[in-house]
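Going by this note's numbering, 671 is the number at position 158 of the sequence shown; the sequence numbering is gapless. Below is one structure, written out as structure tokens, with a few remarks after it.
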Amino acid sequence: MLNPEQLRADLVEFARAELGETLGDRITAVAKPGVRLVVDETSSGRSRFGGAGELPPGVEWPATQGVPMVLLAVLDLAELGELWDGFPPSGLLHFFCLNEEYDVWGLDRRWDGWRVLHVPDGTGVPTAVPDGAMTMPLRPVRFAHVCTVPSLDDGLFQWHGPERRLVADFVRAWRVRSAELGGWSEEEDDEHQIGGWPTVINGSPWWYAHFESLELTAAGELSEEARAEHERQTEEENWQIVLQLGTDGIFNWADGGLIYFGLPEKLLRAGRFDRTWAEMDSC
């Protein structure tokens with residue numbers, strides 16, 4: 514597995530070959546390291562999608578309006594720390610959300626459709642999924658370094674005409690190249706990721722995360738000046754991917770979409786996973 518410096522060097526060389534030096538360097542200048550989560554049945558670690566939880570005694574399984582949430586993932590931060598230093602060095606990070614029958618997006622997005630819990634080492638015990646909760650199959654995962662570039666519609670750049678098509682082809686080609694370098698097949702690349710640039714379908718999720726986490730409404734009715742101020746605040750907050758999950762044979766976010774769990778950088782560094790916000794995007 515290549516380290517982040519080797520991946521970045523490969524990206525620079527690949528981008529210049531595909532796009533030319535000027536355009537290639539423009540994109541690679543904003544590249545961000547991240548960690549890809551790859552389903553691997555041979556993995557012997559504790560990180561996984563689905564299965565049962567490990568919660569401290571006395572901590573109830575997350576629920577909303579009496580409806581137990583589904584456990585999406587458990588990440589062993591000690592395992593992750595070998596590749597990524599953005600999280601606490603130890604503990605288990607649990608990700609929950611409501612299942613499709615009780616759609617999280619129908620709950621007015623006021624913190625009650627998902628939960629992220631950090632369980633310190635030595636405090637969690639095997640916790641069965643409660644009656645009535647949807648159970649996702651346990652799938653062990655491994656971690657791999659990845660070097661990410663902005664999606665075509667992230668909003669950082671405005672691409673038009675032939676240049677847009679050229680960049681779109683490059684982004685797709687780098688995705689294939691990343692799979693080769695990371696040791697997973699293109700078919701296994703389901704965009705499950707920590708850190709880096711989000712995989713974007715209809716624009717960056719962080720503007721919506723900023724706005725909705727403040728419990729503001731009617732974003733479309735903002736004045737141009739007010740919107741610009743919120744965009745400035747979003748950029749200043751520097752939202753980070755705590756966990757991005759794509760659609761695969763088990764996860765399905767609307768029409769082949771993704772779910773993003775994110776935090777402003779300052780809150781992430783403080784370990785405020787209770788303030789994690791979730792957004793979903795789909796075709």
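Glycine residues also receive a C-beta, built at the ideal position from the N, C-alpha and C atoms.
Can you tell me whether DSSP reads residue 675 as helix, strand or coil? helix
Do the region 626-635 and the region 648-664 make contact, defined as three or more Cβ pairs closer than 8 Å? Proximity of the region 626-635 to the region 648-664 falls short of the contact definition, fewer than three beta-carbon pairs being nearer than 8 Å.
Consult DSSP for residue 696 and reduce its assignment to one of helix, strand or coil. Residue state, collapsed to three classes: coil.
Indicate the three-state DSSP secondary structure (helix, strand or coil) for residue 617 in the structure shown. With a pLDDT of 47 at residue 617, under the threshold of 50, the modelled position of this residue cannot be trusted; read the value that follows with caution. If DSSP states are grouped into helix, strand and coil, residue 617 belongs with the helices.
Helix, strand or coil for residue 529 per DSSP? helix
According to DSSP, residues forming a beta bridge with residue 656: Note: residue 656 sits in a beta bridge opposite 550.
Residue 519 burial status per 10 Å Cβ neighbour count (16 or more: buried): Result: exposed.
Excluding the 5 residues preceding and the 5 following residue 596 in the sequence, name in chain order all residues of the same chain whose CB lies nearer than 8 Å to its CB. Once the five neighbours on either side are set aside, the close Cβ partners of residue 596 are 548, 656, 657, 658.
With 16 other Cβ atoms within 10 Å as the buried cut-off, status of residue 616: Because the pLDDT of residue 616 is 48, which lies under 50, any placement of that residue in the model is unreliable, and the number read from its coordinates should be weighed accordingly. Exposed: under 16 other Cβ atoms inside 10 Å.
Within 10 Å of its beta-carbon, does residue 790 have 16 or more other beta-carbons around it, so buried, or fewer, so exposed? With at least 16 other beta carbons inside 10 angstroms of its own, residue 790 counts as buried.
Within 7 Å, strictly: CB atoms of residue 524 and residue 544: yes
Taking 6 Å as the line, does the beta carbon of residue 536 fall inside it for any heavy atom of the ligand SAH? Absence of the ligand SAH is noted for the structure shown, with no ligands found whatsoever.
If you drop the 5 nearest sequence neighbours on each side, which residues of the same chain put their C-beta closer than 8 Å to that of residue 546? 517, 520, 521, 658, 659, 660, 661, 708, 709
Contacting residues, own chain, Cβ-Cβ under 8 Å from residue 621 (five flanking each side not counted): Unreliable positioning characterises residue 621 in this predicted model, as indicated by a pLDDT of 48, which lies under 50. A coordinate reading is not provided.
From the DSSP output, read off the bridge partner residues of residue 609. 584, 628
Tell me, please, whether the region 528-536 touches the region 559-579 by the rule of three or more beta-carbon pairs shorter than 8 Å. no
Three-state secondary structure (DSSP) of residue 794: strand
The beta strand (DSSP E) that contains residue 752, what's its start and end? 752-758
Express the C-alpha separation of residue 639 and residue 561 in angstroms, rounding to a whole number. Distance between the alpha carbons of residue 561 and residue 639: 14 Å.
Close beta carbons around residue 619, own chain, < 6 Å, minus the five adjacent residues each side: Confidence is the limiting factor: at residue 619 the pLDDT is only 45, short of 50, which leaves the residue's position unreliable, though a coordinate-based value still follows. Excluding the 5 residues flanking it on each side, residue 619 has no same chain C-beta neighbour closer than 6 Å.
Residue 681 versus residue 537: straight-line alpha-carbon distance, rounded: Using only the alpha carbons, I get a separation of about 13 Å.
Note down, in chain order, each residue of its chain lying with its Cβ closer than 6 Å to the Cβ of residue 584, except the 5 sequence neighbours on either side. 566, 609
Go ahead and pull the three-state DSSP assignment for residue 742. helix
Expressed to the nearest angstrom, what Euclidean distance is found between the alpha-carbon atoms of residue 563 and residue 650? 5 Å
Can the beta-carbon of residue 705 be found less than 7 Å from the beta-carbon of residue 550? Yes. Within cutoff.
How about residue 637 and residue 568: are their beta carbons less than 7 Å apart? yes
Taking buried to mean at least 16 other C-beta atoms within 10 Å of its own C-beta, is residue 770 buried or exposed? Answer is buried; the Cβ neighbour count reaches 16.
Exposure of residue 673, with buried meaning 16 or more beta-carbon neighbours within 10 Å: Counting the other CB atoms within 10 Å of its CB gives residue 673 a total below 16, which places it among the exposed residues.
In whole angstroms, what is the alpha-carbon distance linking residue 648 and residue 775? 24 Å
Local Cβ density within 10 Å of residue 535, reported as buried at 16 or more and exposed below that: exposed
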